[in-house]
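Participant: Sharing a structure with you now.
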């Protein structure tokens, strides 16, 4: 029952409905192995009388067999029914077959269940009705549709929809998600599995719990220890494999031939099937037969198997003759000019030429696929070419090519496995360096950053001779790994190492990397004035570059310089280039800088959209480190709006991975986020405690986030009466803001000076300058906060009229940003300043905040609160809160009205 909480809740709700006299029925649909029977067994209640039956394939041709099994325990009640009903049921109960009057039989079954319900609630369970005789299924579903007002629950299970089941609510068992799949594996092997093996099993099982159980049970000691590769298909004695084998063998010869085409070609399309059927003289009706059996499905023009598990199982079950016949047929109907990789793959699979020639053909076809951005196809071709290569160094290079393209396709696990295979084959420094470089890149995106740094430094050493540009790139990534780990002292050490390699005549691309390392290292060391010039050169060098990587580095440089607009423009360019040039692997990283630069000047919707995309793409590409980074950015976004619940929800989603991998930067960002939420919730002491380790003078860790968080530390310290500590933190922030000339940061600096100055004239001067700079930077949310703080001082200085002017402006901004807590604080100040606060509830779509409008559109598209919560990374309760506000603003009362308004 791992991962079946929703399904169990639905079944328990149906039980409760039946118990209270409101009859219920349910059909549980799911592929073999999805746990239909296990779920049915979970539907039990001691206060229910239980009738059970199940479909048996050998009895499917015996009319009434399923009903006979169901009614056997209560056959003694049949004579007590009205004569017509007893007469209709007697042949079934006696085993002589159902009466000719089908309606009479169906009504009699319904009447019998009703009689039983008179003595207490009844639970009728029928498993595998797809294997049951049609008369029994029709009788059960007839009764199931007529249970209103009776304490009866009818639950049936089947593997696919059926016309006889129409009209009964459906509970579909979908594949388990990776988390639940891992829980199933942990139940089977409590002492744990190697991470890569567990990942392989989860991928192979495709969310099928029985497959997970059977795969785990069949693991050998060598596989558990990592000495042997994991399984590629279900074990021979598997129940699920037997089920799939039976389905396949029950097909006609023609249908089996078409299924085998999909087994050996994972890119099969309807056009190829039509040509293959004509070539082999196969009636296309055989494709419908295979589809009805659940072994093939049509998705537009694609003809595919339901899961990789079905493919691997049928391939293992097929005879050598069946496989070769399918390969041969495809080579005859595929066009080698238009689809060279598919055609080459089929020829190689037939093994009709010398291995080295086939390897060369695959290598060439893989290169062509790589040029089109089809990295999954190219990776598989390079991998197969490597398997056919005997010379160690050449084999290693092809394994590296395959691993590279697997990584670009988001298949991190096979990429790691191939690098492990390539390492002992690499005899030259160049090849060893390439292995370490790719290994470091993968770990940087989806592993412990300090492990990535070690591999990248090794790569830089190995590649420094013949591949100097690659060596510098490795140092850049090693520095990024140090930054991600939160160890900026190591960043400076890597930058110093890179500086020793610099030459006077560097080409532009290499010069940009050296300048970036020098500028960021100076920033992290607190030498802000020294950092400005190299960072400006980075921005200037990358402004005309079309590749995503220089734009990413330049965006970070512009962000460090405090130019939020330029940083966002460069990050947007990097995102666009990553999409256009099929460098999706860089997209989550580019989105980090897009989100952070957008936050710098209060473009919250841009930041949210960017990070949500970063999470979606990062998960698809196996880049968990990027996902964690974006979760913490979203936590900070919620914190700046004062939404503590969402802040903690997102932070808790990121925290386990950040701890496990040693991601210091996201952990520090999370601390900053929670501190911001504490400040908004009037908990300055808690905020100060969280920010204390990030404050000035506490060590070398997290200087970048320490600097960015300084204004919030100052606010917390002032409110706690710790003016000396506030001044110390502000001194460091001032040096950064002054050196870069960043308008948003200078505005925050003046606000901090105003808070420290108290009620003096100097405070007013600082507040006014901060407001001017906020407006110049178009930083609306920070402007509203500054106006709120200024108004508080004006009110205390007995200037309520001036205070009210600022408070009205602040309230409008907070409402626009849906910063409810800040808006309430502003209303409180307004009331204290002597003004009543009207409650304005506009009733047009334009009255919604951007986030409310996003939620409204998702509701209109039919998404549930839980689905919306998952998409926006908030709790379902938060979605419910937003919906209530949306309904109030629009003057509506239901999701139906909302959907109608937004269609």
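Numbering (the numbering used here), first residue to last: 41 to 943. Virtual Cβ for every residue (Gly too), placed ideally from N, Cα, C.
Using DSSP's beta-bridge definition, name the partner residues of residue 65.
Facilitator: Per DSSP, 194.
Participant: Any chance the segment 238-251 sits against the segment 323-333, with 3 or more Cβ pairs inside 8 angstroms?
Facilitator: The answer is no - the segment 323-333 does not touch the segment 238-251, with fewer than three Cβ pairs under 8 angstroms.
Participant: Report, in whole angstroms, the separation of the C-beta atoms of residue 694 and residue 668, which I expect to be a contact under 8 angstroms.
Facilitator: Indeed, because the Cβ distance is near 5 angstroms, the residues count as touching under 8 angstroms.
Participant: If you draw a straight line from the C-alpha of residue 429 to the C-alpha of residue 394, how long is it?
Facilitator: Cα-Cα distance, rounded: 11 angstroms.
Participant: Pick from 727, 706, 707: whose alpha carbon is nearest that of residue 716?
Facilitator: It is 727.
Participant: So, at 8 angstroms on beta carbons, what are the nonlocal neighbours of residue 888 in its own chain, with the 5 sequence-adjacent residues on each side left out?
Facilitator: So the qualifying residues of the chain are 896, 926, 929, 930.
Participant: On the DSSP bridge assignment, give the partners of residue 94 in chain order.
Facilitator: Residue 94 pairs with 167.
Participant: Are the segment 203-222 and the segment 414-425 touching by the rule of at least three beta carbon pairs closer than 8 angstroms?
Facilitator: Not touching, per the Cβ criterion.
Participant: Can you tell me whether residue 806 is buried or exposed? The criterion is at least 16 other CB atoms within 10 Å of its CB, across all chains shown.
Facilitator: By the 10 Å Cβ count, residue 806 comes out buried.
Participant: Return the chain-ordered ranges of every beta strand (DSSP E) run that is complete within the segment 177-221 and spans a minimum of 3 residues.
Facilitator: 192-198, 210-212, all fully within the segment 177-221.
Participant: Just verifying my parser: in three-state terms, what is the DSSP assignment at residue 338?
Facilitator: DSSP places residue 338 in strand when its eight states are reduced to three.
Participant: Quick one: complete alpha helix (DSSP H) runs, 4+ long, within the segment 579-615?
Facilitator: You should have 588-600.
Participant: How many Å lie between residue 729 and residue 768 at the Cα?
Facilitator: Those two C-alpha atoms are separated by around 16 angstroms.
Participant: Looking only at DSSP bridge pairs, what is residue 344 linked to?
Facilitator: According to DSSP, residue 344 bridges with 337.
Participant: Assign residue 83 to one of three DSSP states: helix, strand, or coil.
Facilitator: Three-state result, residue 83: coil.
Participant: Residue 309 by DSSP, collapsed to three states: which one?
Facilitator: Residue state, collapsed to three classes: strand.
Participant: Assuming residue 534 contacts residue 565 under a Cβ cut-off of 8 angstroms, what Cβ separation, rounded to an integer in Å, is found between them?
Facilitator: Incorrect: roughly 13 angstroms between the Cβ atoms, too far for contact.
Participant: Taking the straight line between their C-alpha atoms, what separation do you get for residue 638 and residue 822?
Facilitator: C-alpha separation (whole angstroms): 13 angstroms.
Participant: Just how far apart, CA to CA, sit residue 356 and residue 272?
Facilitator: So the two alpha carbons sit approximately 9 angstroms from each other.
Participant: Given that a residue counts as buried once 16 or more other Cβ atoms are within 10 Å of its Cβ, and exposed if not, what is residue 481?
Facilitator: Per the 10 Å Cβ criterion, buried.
Participant: Bridge partners of residue 162, per DSSP?
Facilitator: Looking at the DSSP assignment, residue 162 forms a beta bridge with 89, 192.
Participant: Check each candidate in 609, 607, 670 and name the one with the smallest Cα separation from residue 628.
Facilitator: Out of 609, 607, 670, 670 has the C-alpha closest to the C-alpha of residue 628.
Participant: According to the neighbour-count rule (16 or more other Cβ atoms, all chains shown, within 10 Å of its Cβ), is residue 739 buried or exposed?
Facilitator: Here the model assigns residue 739 a pLDDT of 38, short of 50, so the residue's position is not dependable, and the following value carries that caveat. Flag for residue 739 reads exposed.
Participant: Applying the criterion that 16 or more other CB atoms from any shown protein chain within 10 Å of the CB defines a buried residue, is residue 112 buried or exposed?
Facilitator: Classification of residue 112: exposed, given that the 10 Å Cβ count is below 16.
Participant: For residue 770, which residues of its own chain have a beta-carbon under 6 angstroms away from its beta-carbon, when the five flanking residues on both sides are left out?
Facilitator: The answer, listed in chain order, is 754, 792.
Participant: Residue 890 by DSSP, collapsed to three states: which one?
Facilitator: Residue 890: helix per DSSP, three-state reduction.
Participant: Between residue 780 and residue 572, how many whole angstroms is the CB-CB distance? I'm expecting something under 8 angstroms.
Facilitator: The pair is a contact, with the Cβ atoms about 6 angstroms apart (cut-off 8 angstroms).
Participant: Suppose the cutoff is 7 angstroms on Cβ atoms and the five residues either side in sequence are ignored; what does the same chain contact list for residue 942 look like?
Facilitator: Cβ within range, chain order: 896, 897, 900.
Participant: Are the beta-carbon atoms of residue 95 and residue 169 separated by less than 8 angstroms?
Facilitator: Yes, Cβ-Cβ distance for residue 95 and residue 169 is below 8 angstroms.
Participant: So, with DSSP's three-state summary, where would you put residue 430?
Facilitator: Here residue 430 sits in coil by DSSP.
Participant: Would residue 235 be called buried (16 or more neighbouring beta carbons within 10 Å of its own) or exposed?
Facilitator: Result: exposed.
Participant: Can the beta-carbon of residue 688 be found closer than 8 angstroms to that of residue 714?
Facilitator: The answer is yes: Cβ separation under 8 angstroms.
Participant: Distance, Cα to Cα, residue 622 vs residue 413?
Facilitator: The straight-line gap from Cα to Cα measures roughly 6 angstroms.
Participant: Taking 8 angstroms as the threshold (C-beta atoms), are residue 338 and residue 347 in contact?
Facilitator: Against a cut-off of 8 angstroms, the Cβ pair of residue 338 and residue 347 comes out as no contact.
Participant: Only counting runs of 4 or more residues, tell me where the alpha helix (DSSP H) segments fall wholly within the segment 603-679, in order along the chain.
Facilitator: Qualifying alpha helix (DSSP H) stretches, in chain order: 604-620, 627-640, 644-660.
Participant: Assign residue 913 to one of three DSSP states: helix, strand, or coil.
Facilitator: DSSP places residue 913 in coil when its eight states are reduced to three.
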